[in-house]
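**Q** Sending over a structure as structure tokens; questions will come in a sec.
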Amino acid sequence: MDEHGKNNRKLKRYPPFLKNGSSGKPSSFPFVSRTFVPSVFTVMNMLCGYIAIVMAGQSNFATACWFIILAAFFDTVDGFIARITNGTSDFGFELDSLSDLVSFGAAPAYLAYKFGLEQLPAFSGIVVSSMVVIGSGLRLARFNISVIDYRKESFSGLPTPAQALTIAGFVLWMKADAFLPEKTMHIALGWLSTFLALLMVSKVNYDALPKPTVEAFRRNPFQMAFYVGAVFCVLLFQSKAFFLAMLLYILLGIVRSATLAYRQWQT
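Per the working numbering, the very first residue in the sequence shown carries number 6; after that it's consecutive.
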């Protein structure tokens with residue numbers, strides 16, 4: 006589930022109108038609870054993450070990348086389904102965090118390790134890849150305890166799906182067009198993984214991806230135009246544009262946070 010949908014999950018902490026039913030008890034569809042429907046998509050997220058790990062272990066790196074991307078799709082869809090069915094729950098909140106740790110923590114870390122980090126000297130590859138898992142866990146834990154004060158417009162720290170998609174994009178680009186020599190690629194992947202791990206536990210702010218609605222286009226026309234253009238480039242240029250789009254998203258957050266910090270320091 007996308008992280009900006011999680012703030013509806015801690016039912017006991019939110020006003021009554023955010024609860025599943027007027028009585029405070031979960032409402033139900035015929036035969037199944039409302040929470041069942043979004044939970045199916047959350048489980049699919051976790052399953053895709055596990056399959057990505059298996060594929061990486063078998064050196065099917067491109068397939069592993071696409072399963073991480075598919076996990077991100079289910080991560081977005083389950084939040085949307087939970088909102089439209091009013092199927093939010095504490096169970097769904099916890100399940101979502103566990104799924105994210107598998108799909109966007111363990112899966113990209115193991116993918117990076119098998120694709121190139123294990124070629125680094127001594128235990129460097131294990132250390133670097135473990136930083137991705139630990140950073141993801143810390144990022145998710147920090148989000149979970151601060152969900153009440155969370156603002157939909159931005160995140161504090163790089164979201165775990167963005168980190169996972171960046172690593173997947175890098176691997177896909179290298180598989181499609183080896184733009185770096187093999188020895189250089191291992192080092193570059195190591196630095197990239199370390200950089201992403203640190204960003205997840207940083208205070209750098211990142212925009213939440215806006216919903217493709219008429220209201221979103223009216224409120225943030227330039228931002229929406231940027232995202233639409235990025236999606237178009239990904240569809241046109243595929244793996245190259247995918248990695249570059251994620252890298253641009255990361256750099257924009259750093260530049261904006263640095264600019265804001267400088268202005269605050271000046272005042």
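Beta carbons are placed, not taken as given, at the ideal position from N, Cα and C, and that holds for glycine. Values in this document were obtained by computation on a predicted structure and should not be read as measured data.
#1: In the structure shown, what three-state DSSP assignment does Asn210 receive?
#2: Below 7 angstroms CB to CB, which residues in the same chain sit around Met60 once its five sequence neighbours on both sides are set aside?
#3: Quick one: measure Cβ to Cβ for Ser244 and Leu122, integer angstroms, because I've assumed they're closer than 8 angstroms.
#4: On the criterion of 16 or more Cβ atoms from any shown chain inside 10 Å, does Thr40 qualify as buried, or is it exposed?
#5: Taking just the CA atoms, how far does Leu125 sit from Trp178?
#6: Could you check if Arg18 is buried or exposed, using at least 16 other CB atoms within 10 Å of its CB as the buried criterion?
#7: Would you list the residues sitting across from Phe160 in a DSSP beta bridge?
#8: From Ser161 to Asn210, what does the alpha carbon distance come to, in whole angstroms?
#9: With a threshold of 16 other CB atoms inside 10 Å of the CB of Ser108, please say whether the residue is buried or exposed.
#10: Return the chain-ordered ranges of every beta strand (DSSP E) run that is complete within the segment 228 to 266 and spans a minimum of 3 residues.
#11: When burial is assigned at 16 or more other CB atoms within 10 Å of the CB, is Ser141 buried or exposed?
#12: Evaluate the contact criterion for the segment 79 to 90 versus the segment 110 to 118: three or more CB pairs, one atom per stretch, below 8 angstroms.
#13: For the alpha helix (DSSP H) containing Arg39, list its first residue and its last residue.
#14: Taking the beta carbon of Gln269 as the centre, do at least 16 other beta carbons fall within 10 Å, making it buried, or is it exposed?
#15: Taking Phe120 and Gly174 to be in contact with their CB atoms under 8 angstroms, please state how far apart those CB atoms are, rounded to whole angstroms.
#16: Residues in its own chain within less than 8 angstroms of Leu145 by CB, not counting five upstream and five downstream?
#17: Count the other C-beta atoms from every protein chain shown that fall within 10 angstroms of the C-beta of Tyr254, then say buried if there are 16 or more, exposed otherwise.
#18: How would you write the range of the alpha helix (DSSP H) that Asn91 sits in, first residue to last?
#19: With DSSP as the reference, label Pro186 as helix, strand or coil.
**A** So, to answer that:
#1: Within the sequence shown, the letter at position 205 stands for residue 210. In the structure shown, Asn210 sits in a strand (DSSP, three-state: E or B).
#2: Numbered from 1 along the sequence shown, position 55 holds the residue referred to as residue 60. The residues are Thr68, Ala69 and Phe72.
#3: For the purposes of this step, residue 244 is identified with residue 239 of the sequence shown, where counting begins at 1. For the purposes of this step, residue 122 is identified with residue 117 of the sequence shown, where counting begins at 1. Wrong, their Cβ atoms sit about 20 angstroms apart, outside the cutoff.
#4: Locating residue 40 in the sequence shown gives position 35, where the first residue counts as 1. Thr40 is buried by the Cβ-count criterion.
#5: To locate residue 178, count along the sequence shown from 1; it is residue 173. To locate residue 125, count along the sequence shown from 1; it is residue 120. Cα to Cα, Trp178 sits roughly 20 angstroms from Leu125.
#6: Position 13 of the sequence shown, counted from the start, is the residue given in the question as residue 18. Because Arg18 carries a pLDDT of 42, less than 50, the predicted location of this residue cannot be relied on, and the following value inherits that uncertainty. Counting Cβ neighbours within 10 Å, Arg18 comes out exposed, since fewer than 16 surround it.
#7: Along the sequence shown, one-based indexing puts residue 160 at 155. In DSSP, Phe160 forms a bridge with Tyr211.
#8: As a first step, residue 161 must be located in the sequence shown, where it is residue number 156. As a first step, residue 210 must be located in the sequence shown, where it is residue number 205. Each residue's Cα considered, the two are about 5 angstroms apart.
#9: Taking the first residue of the sequence shown as position 1, residue 108 is located at position 103. Residue burial annotation: Ser108 is buried, with at least 16 other C-beta atoms found within 10 angstroms of its C-beta.
#10: You should have found no qualifying run.
#11: Here residue 141 corresponds to residue number 136 of the sequence shown, with the count starting at 1. Ser141 should be labelled buried.
#12: no
#13: Here residue 39 is taken as the residue at index 34 of the sequence shown, counted from 1. It is not in any alpha helix (DSSP H) - Arg39 carries neither H nor E in the DSSP assignment.
#14: If you number the sequence shown from 1, residue 269 lands on position 264. Its Cβ having fewer than 16 others within 10 Å, Gln269 is exposed.
#15: On the sequence shown, residue 120 is found 115 positions in, with the first residue counted as 1. On the sequence shown, residue 174 is found 169 positions in, with the first residue counted as 1. So it is not a contact: roughly 12 angstroms between Cβ atoms.
#16: What you label residue 145 is simply residue 140 of the sequence shown in a count that begins at 1. So the list reads Ser102, Asp105, Leu106, Gly110 and Thr165, once near-sequence residues are dropped.
#17: Taking the first residue of the sequence shown as 1, we reach residue 254 at position 249. Buried is the call here.
#18: One-based indexing of the sequence shown puts residue 91 at position 86. Premise fails: Asn91 is in no alpha helix (DSSP H) and is neither H nor E.
#19: Along the sequence shown, read from residue 1 onward, the residue named residue 186 stands at position 181. Note: Pro186 maps to coil in three-state DSSP.
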